[in-house]
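J.: Let me give you the structure first, and then I'll get to my questions.
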Amino acid sequence: MGEELKAVLERREQMAPDTYRVGLATTDITPPVGIKLSGFAARTEPSTGIYRPLEATAVAIDDGGTPFLLLCADWLGFYDRAPMMRARLREAIGLAEERFVLCGSHTHCGPCIREKDELRFGPLDRDYLERAITVMVECATQAWESRAEARLRFGAGACSFAASRRKPDGKGGVEWKPTLDAPHDHEVPVLAVETPAGELRGLIFSYACHPTSRAGLLIGPDYPGFARDYLARRFPGVTTAFIQGCGADQKPYAIDPRTGGFRPLEVEEVRALGDQLGTAVARVPEQGEMRTVDGPIALTQRLLELRTEPMDLELVQRSLSDGRDYVREWARHLLDREEAGDPVLPLVPFEIETIRFGRSLAMVALAGEITAEHGLRLKRELRPRFENVLVAGYTNGIVGYVPVRRQIPEGGYEVWFAQQYHKRTGPFVAETEDQIHAAVHEALCEV
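Take any residue in the sequence shown, note its place counting from 1, add 1374, and you have its number in this note's numbering.
Given below as C-alpha cells:
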C-alpha cells in the first residue's frame, strides 16, 4: 500500500463514518448596472437596474481523504471560464482542479462572461469578470479554511411549477409552449449540513427548471435567488446554495392566454416562485424526512467526446439565404472552415464528474444543458445501488444542450437550433444518451 493511500486511510479512520468537515461561505457577485446580460440572444441592450443582487456560495466537504468544493454562482454558467476558475482555485486552496465543481444557476439576467458573447453583445466588462473571479476564490478559500465537524443528511421534496417547453405539435415535432404532457421532474433534492449536535448550518438544494421566468433589462437571479431569500427568513443564519438540475427543456409554467406560449413574469411573480420552491425545501428538514449520509467520499472525472451528425453540405448551402441571422452565420462559418482546410469536426468534448459517499449518496455533475429525461433516467437506474441520488446539469465547462435519444427525431431548439448557435455540424447522434449514461455507471462502479 502506498504511503499516500495509508495517510488517507489513517485520516479517515480518525473520523466517524457519518462525520465530515464542512465549510460554507457566500459572497456578492453583482455586476455594475449597464453591463450586458447573457442568455437571450435578441436582448442586446445594456442592463438598466437590479431587482435582486447576484451571489456565489462555496461548500467545502472533506472526509479526511477526498475533499472537494462546490462553487454555486448566479451566472448563466462558467462555460469557457471554467479552466481559469479552477486554476485560480487550485492555486489558492491546493486541491487538484477536478476537486472543484462549478455550478451555474443559469439565470438569464446575469452578466455576459463568455468570450463568444463579444460577437453579439460587444466587449466584455473584464474588470467585473476579474473582480468576480477574485471574490469567488476568496469565498471558496473562506469555506475551505472554515471547515468544521458536521453531519450530512439528504432528503427530497416536491415543487410543481416546472413545465416542459417542448409541447408535442401532433405531427411528430414540438412547439415552444408550456405543457405537462411531456416529461418533467418536480423533485427537490436537499442536502442538509448540521453540527454534531444537530443544529442546521447549511442547505444545498436543487431543482430542474430554467431560471427564465422573466427577461427584461434588470439584473437578478430569478427564482433561485428568491428561494434562498425565503430560506434565510425561515432559517436565520443558515447558508444556502442552489444547484441547477437537468432542466434544459423546462421553464416555469406561465401561459400567455393570447398565444398559448410562455409569458414573462413580473418580479413579484418570480418572488412567489422562489417562495414556492423555498417552502418545498424547508419542509424536508422540518418534517424529518432525511437520511444520514455516510461513508468515504470517492470522486471521478471523465472526459468524453460526444459525436454530432456530419455536415449536410446541401443544407448548409441552402442556409446561406435563410431569413434568420444565426442560421446564415452558422452556414457561413462551416463553409469558411471547409474552404480554409480546417473543417469543423463532428466532436464535442464533454465532462462528467461523479461524487459518491459510500452507498448513501451519488452526485452526478454533467457539463451541459441537460434535458429532464437524463436526470429522471439516472435517478431511476442509480437508486437500486445508492440510497440517494442528485444529478446536476450546467456544471463546469458547459457545452450547450444535450437531449435524449427520444427527443432527437422531434427536432426543435434543444435538438437542432442550439447546435447551429454553437456552430456545430449537426444534432448529437442518437447514441449520445447511452454514451453518457454508460460513462456515469462505469465511473460510479470504479470507485
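Glycine included, C-beta positions come from ideal geometry on N, C-alpha and C.
Where do the ends of the beta strand (DSSP E) carrying Cys1513 lie?
T.: Counting along the chain, Cys1513 falls outside any beta strand (DSSP E), though it belongs to the alpha helix (DSSP H) covering 1500 to 1519.
J.: If we call anything under 8 Å between Cβ atoms a contact, is Gly1576 one with Thr1614?
T.: yes
J.: Is the stretch 1630 to 1650 close to the stretch 1510 to 1517, with three or more CB pairs under 8 Å?
T.: no
J.: Would you mind working out which of Tyr1795, Gly1786, Glu1807, Gln1793 sits nearest Gly1547, comparing C-alpha positions?
T.: Ranking the options by Cα distance to Gly1547, first place goes to Gly1786.
J.: Relative to the C-alpha of Glu1829, which residue among Glu1523, Ala1817, Arg1462 is closest?
T.: The first residue shown for the chain is 1375 and the last is 1821, placing residue 1829 beyond what the model contains.
J.: Measure how close the beta-carbons of Tyr1597 and Pro1626 come, nearest whole angstrom, since I'm counting them as under 8 Å.
T.: With 8 Å as the limit, Tyr1597 and Pro1626 qualify as a contact, their Cβ atoms being about 7 Å apart.
J.: Tell me which same chain residues have a C-beta within less than 8 Å of the C-beta of Glu1755, skipping the five on either side of it?
T.: Excluding residues within five positions, the ones whose Cβ falls inside 8 Å are His1811, His1815.
J.: Quick one: Cα of Arg1779 to Cα of Gly1749, how far?
T.: 14 Å
J.: Find the nearest neighbour of Arg1706 within the set Tyr1795, Leu1764, Arg1607, judged by alpha-carbon distance.
T.: Tyr1795
J.: Give a yes or no on whether the C-beta atoms belonging to Ile1578 and Ile1617 are separated by under 8 Å.
T.: yes
J.: Hey, how far is the Cα of Thr1481 from the Cα of Leu1450?
T.: 5 Å
J.: Are the Cβ atoms of Arg1521 and Val1396 separated by less than 8 Å?
T.: It is a contact, given that the beta carbons lie within the stated cut-off.
J.: So, is Gly1413 buried or exposed, given that buried needs 16 or more other C-beta atoms within 10 angstroms?
T.: Here Gly1413 is buried. Its C-beta has 16 or more other C-beta atoms within 10 Å.
J.: Is there contact between the stretch 1525 to 1533 and the stretch 1549 to 1568, where contact requires at least three CB pairs shorter than 8 Å?
T.: yes
J.: Just to check my reading of the structure: Thr1404 and Ile1424 have Cβ atoms closer than 8 Å, yes? What is that Cβ distance to the nearest angstrom?
T.: Correct: roughly 6 Å between the Cβ atoms.
J.: Distance, Cα to Cα, Ile1595 vs Gly1715?
T.: Checking the sequence shown, residue 1595 turns out to be Pro, not Ile. Each residue's Cα considered, the two are about 43 Å apart.
J.: At what residues does the beta strand (DSSP E) containing Ile1467 begin and finish?
T.: Not the beta strand (DSSP E): Ile1467 falls in the alpha helix (DSSP H), residues 1456 to 1467.
J.: Which complete alpha helix (DSSP H) runs does the stretch 1698 to 1769 hold, if anything under 4 residues is left out?
T.: Within the stretch 1698 to 1769, the complete alpha helix (DSSP H) runs of at least 4 residues fall at 1699 to 1713, 1746 to 1756.
J.: Taking the straight line between their C-alpha atoms, what separation do you get for Ala1582 and Gln1809?
T.: 22 Å
J.: Considering only C-alpha positions, which residue in the set Pro1557, Glu1523, Trp1518, Asp1543 is nearest to Ser1534?
T.: Pro1557
J.: Excluding the 5 residues preceding and the 5 following Cys1819 in the sequence, name in chain order all residues of the same chain whose CB lies nearer than 6 Å to its CB.
T.: none
J.: Any heavy atom of the ligand NAP closer than 7 Å to the CB of Pro1610?
T.: Among the components of this structure there are no ligands whatsoever, and the ligand NAP is therefore not found.
J.: Helix, strand or coil for Ile1629, going by three-state DSSP, please let me know.
T.: Ile1629 falls in the strand class under three-state DSSP.
J.: Could you say if the stretch 1764 to 1776 and the stretch 1732 to 1747 meet the contact criterion of at least three C-beta pairs nearer than 8 Å?
T.: yes
J.: To which residues of the same chain is Thr1682 closer than 6 Å at the C-beta, ignoring the five residues directly before and after it?
T.: Answer for Thr1682: Pro1720, Arg1798, Thr1799, Gly1800, Phe1802, listed in chain order.
J.: Could you tell me if Arg1588 is buried or exposed, where buried requires 16 or more neighbouring beta carbons within 10 angstroms of its beta carbon?
T.: buried
J.: Report the three-state DSSP secondary structure of Ile1435 (helix, strand or coil).
T.: strand
J.: Expressed to the nearest angstrom, what Euclidean distance is found between the alpha-carbon atoms of Asp1392 and Asn1770?
T.: Within the model, the alpha-carbon separation for Asp1392 versus Asn1770 is close to 28 Å.
J.: For chain B, check one thing: does any of its Cβ atoms lie closer than 8 Å to the Cβ of Tyr1700?
T.: Absent from the structure is chain B; it holds one protein chain and no more.
J.: Let me confirm a value: Pro1659 is counted as buried when at least 16 other C-beta atoms fall within 10 Å, else exposed. Which label applies?
T.: buried
J.: Do you know offhand how far Ile1507's Cα is from Lys1545's?
T.: 47 Å
J.: From Ala1432, Glu1568, Leu1554, Arg1730, pick the residue whose C-alpha is nearest to that of Asp1402; which is it?
T.: Ala1432
J.: Indicate the three-state DSSP secondary structure (helix, strand or coil) for Thr1400 in the structure shown.
T.: DSSP places Thr1400 in strand when its eight states are reduced to three.
J.: Taking a contact to mean a Cβ-Cβ separation below 8 Å, would you say Arg1417 touches Gly1599 in this structure?
T.: No, they are not a contact pair.
J.: Output the boundary residues of the beta strand (DSSP E) element that contains Phe1442.
T.: 1442 to 1447
J.: According to DSSP, is Val1814 helix, strand or coil?
T.: helix
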